[in-house]
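Peer 1: Pasting in a structure now, in structure tokens, and then I'll have a few things to ask.
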Amino acid sequence: MANTRSFTEYVAKTFDNQFWAAAETYLDENIESLDIELYRIRKAGEPEIADVKVEHVWVDDLPEMKIQFDVALSVTFEIPEADYHYDDSEEKTIWLMVRCSGDIGCNLEDFNIFEVSSYTGKNRAKNPLDDSLVPYIPYEKLDEVATAFLEEYYPEALKITQYGQDPIWVDPNILTERLGLTIKNQRIREDSSVFGQIYFVDTEAEMYDSNIQSNVTMQIEGKTIVVDPYMYLLRNLGSVNNTIIHECVHWVKHRKVFELEKLYNETASHISCEVKGGAISTVSKKSTEWMEKQANQLTPRIQMPAEPFRIKANQYIAKFMRESNARHTVDVMEQVITALETSFAVSKQAAKIRLVELGFEEAIGTYTYLDGHYVKPHGFRKGAIKINQTFSLSAQDAAIERFVNPELRALTANGDYLFVDNHFVYNAPLYVEYDENGRLALTGYARSHMDECCLVFDMRITSKIENIYHTACFLNREASDITFEIKYHNGYQNAPQERQIAMRKKQQEEYIEIRKRMTDDPEQCMQLLLDWRKMSYTDLGLEIDRDPKTISRTVKGLTSPKVETAALICFGLRLPPIISEKLMSVLQCPLNHLNTDHQWINEALHIKYPEPLWAVQEYLSQYGVEI
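Everything in the sequence shown is counted per the numbering used here, starting at 93 for the first residue and increasing by one.
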């Protein structure tokens, strides 16, 4: 990896003579007007410069490869005594602002100083570049910069099309042609760790040849974008279209960085973008990090320009809500994302993330992939959660958090919160129902009011990935190498409606009453529970696929039951935790919390007990637990 390159250092070293000459000329012409106070000498002689130092450089981006830059010079000079009877002198320092211009594409051979003035401290750059010549682009200016990019190279993409008409999407083949670039589809690395490279100059490069399964040296012409057709950014943040436009952004916005690198390193040839979120190249690490951040931020804004995208999204929302008679935007958001994906030739995840950026928070709860399936779309009050927070978590994360977090464990100990559709949801009829298969599911109301009934969790990315990707990754929980740490947001508990709390309280009172009536006699407990559930031994046997006589012998203590059998009885009766714990104890089947299988059974007894037995078994089988 190359070292960080400094334009200031290069300018100071290369144009030292020119700055001395400019300082000398300025002193000669302006010494009388500088208002310099002298203390030791009586009559000032001709000043003599002792040192000229470049203190700072401000660079202004100009079209093509031209730049304009202001150089702050500190000029130290001596003023001798003009009267030969005395031998004193005084040292003074003034600051000058030297305005320069040049073409970085021709190594600044046309370097020119066109103005020298007293230093004022004002930065006059309209389009500033940093000391590595990377553009300064504040986050709030990204859409403005993307729009300017399109105005110059693809203006038709900014057109607002009529209702029912598709937008004009940015075709990467047309864009590269307009920029004078060539696309080359070629495997780059065997492990597909690099998905794209842009070559600025002709060079020999090492590429992977899948035919011979080995690396080979290939001649790559300058102005070529090499794309690995196997690779997608983070596997789901963009297709080949995204990759090509990403490299076009490098070409337009970052050529000056590359040319500066060439001034230091003649072998520099390309910028290379890695899947895991960074970039490797002969260009310095600091520069590549900033360039990658900008390219990743600008590319979706170029593909999905703000105004056309926003208008088209609203059109699709209105269309699909009308066609499906939907009550809530969240009910059609997946359809909207799919339509935008097609219209703008982007990935689903890119469309989702862009929607959220533009204020469509309903999109946050879509296309979240957990436990081998997509979580059903869900919505919430605007601003209810932050980007790094979620209502959705995997079953394993849920189990871990219940184990390590006492507050979450307390909330779920009595069955007040169930784990349904990958959410901890308040156990009330307004929020939880049985679907057509008999499995617990969130109600339509719950899915539209998640902030009212579900617990919130904080997310932190634990895999090695650059910070620049964090926002995208939080919104993009697809199957990938990215791993998250999920933490219960202590102190933050959503408040279900009062009538739901009252209903749940009444239910809990019933559970407590049943629990009080349970003795240490297994037969008494079982008969009490069967009567409560309006079941017989035969009904329970049919429910759990066991011979009723076998269950009766177990209860009477004629056979020693296994923990799995006792749990099976609890699930068959759909017992809440406060009651199942007692029954397991009475049947002398305590759970061993050092046993992994028992840990998962305990988890299911707390958060899955209202589910039908087949759904509980399906949940446990994911973790190799059979009952």
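Here a beta-carbon is modelled for each residue, glycine too, at the ideal position from N, C-alpha and C.
Note that the structure is a prediction, hence the values are computed from the model and not measured.
Does the beta-carbon of residue 417 have 16 or more other beta-carbons within 10 angstroms, so that it is buried, or is it exposed?
Peer 2: Burial call: exposed.
Peer 1: Report the partner residues of residue 319 according to the DSSP bridge assignment.
Peer 2: Note: residue 319 sits in a beta bridge opposite 277 and 288.
Peer 1: Is the Cβ-Cβ distance between residue 245 and residue 273 less than 8 angstroms?
Peer 2: Not in contact: residue 245 and residue 273 (Cβ atoms no closer than 8 angstroms).
Peer 1: Kindly indicate which three-state DSSP category residue 257 falls into: helix, strand or coil?
Peer 2: Three-state DSSP puts residue 257 in coil, outside helix and strand.
Peer 1: Determine the extent of the alpha helix (DSSP H) in which residue 693 is found, giving its start and end residues.
Peer 2: Residue 693 -> alpha helix (DSSP H) spans 688 to 699.
Peer 1: Measuring CB atoms only, is the region 206 to 222 touching the region 243 to 257, in the sense that at least three cross pairs come out at less than 8 angstroms?
Peer 2: Output reads no: the region 243 to 257 does not touch the region 206 to 222.
Peer 1: Can you give the Cα-Cα distance for residue 460 and residue 467, rounded to whole angstroms?
Peer 2: Distance between the alpha carbons of residue 460 and residue 467: 6 angstroms.
Peer 1: Please name the residue, chosen from 292, 172 and 497, that lies closest to residue 351 on a Cα-to-Cα basis.
Peer 2: Looking at the Cα atoms, 292 is the closest of the given residues.
Peer 1: Hey, how far is the Cα of residue 349 from the Cα of residue 119?
Peer 2: Rounded to the nearest angstrom, the two C-alpha atoms are 35 angstroms apart.
Peer 1: Examine chain B for any beta-carbon lying closer than 8 angstroms to the beta-carbon of residue 317, and answer yes or no.
Peer 2: Within the model displayed, chain B is absent; a lone protein chain is all it includes.
Peer 1: Which residues share a DSSP beta bridge with residue 392?
Peer 2: In DSSP, residue 392 forms no bridge with anything.
Peer 1: Note down, in chain order, each residue of its chain lying with its Cβ closer than 7 angstroms to the Cβ of residue 185, except the 5 sequence neighbours on either side.
Peer 2: Contacts found: 166, 167 and 168.
Peer 1: Secondary structure at residue 271, three-state DSSP: helix, strand or coil?
Peer 2: In the structure shown, residue 271 sits in a helix (DSSP, three-state: H, G or I).
Peer 1: Whose C-beta lies closer than 7 angstroms to the C-beta of residue 596 among residues of the same chain, with five residues either side of it excluded?
Peer 2: Answer for residue 596: 508, 519 and 520, listed in chain order.
Peer 1: Going by Cα to Cα distance, which pick from 313, 591, 296 and 702 is closest to residue 527?
Peer 2: Out of 313, 591, 296 and 702, 702 has the C-alpha closest to the C-alpha of residue 527.
Peer 1: Given a cut-off of 8 angstroms, decide if residue 405 and residue 428 are closer than it, judged by their beta-carbon atoms.
Peer 2: Closer than 8 angstroms, so yes.
Peer 1: Using the three-state DSSP reduction, which class does residue 672 fall into: helix, strand or coil?
Peer 2: Correct three-state label for residue 672: helix.
Peer 1: Since I believe residue 317 is in contact with residue 276 (beta carbons under 8 angstroms), could you give me their beta-carbon distance rounded to a whole number of angstroms?
Peer 2: Yes, residue 276 and residue 317 are in contact; Cβ-Cβ is about 7 angstroms, under 8 angstroms.
Peer 1: Tell me whether residue 651 sits in a helix, a strand or coil according to DSSP, three-state version.
Peer 2: Here residue 651 sits in coil by DSSP.
Peer 1: Keeping to the same chain, check which residues put their C-beta closer than 7 angstroms to that of residue 454; ignore five residues upstream and five downstream.
Peer 2: For residue 454, where only same-chain residues beyond five positions count, the Cβ hits under 7 angstroms are 421, 422, 425 and 471.
Peer 1: Taking its Cβ as the centre, do 16 or more other Cβ atoms sit within 10 Å of residue 111, making it buried, or is it exposed?
Peer 2: Buried.
Peer 1: Determine the DSSP secondary structure at residue 104, reduced to helix, strand or coil.
Peer 2: Residue state, collapsed to three classes: helix.
Peer 1: Excluding five sequence neighbours on each side, which residues of the same chain lie with their C-beta closer than 7 angstroms to the C-beta of residue 618?
Peer 2: Within the same chain, residue 618 has close Cβ partners 647.
Peer 1: When we look at the beta-carbon of residue 685 and count the other beta-carbons within 10 Å, is it buried (16 or more) or exposed?
Peer 2: Exposed.
Peer 1: Taking just the CA atoms, how far does residue 438 sit from residue 634?
Peer 2: Computed Cα separation, rounded: 52 angstroms.
Peer 1: Could you please give the first and the last residue of the uninterrupted beta strand (DSSP E) stretch that includes residue 191?
Peer 2: Here the beta strand (DSSP E) through residue 191 covers 181 to 195.
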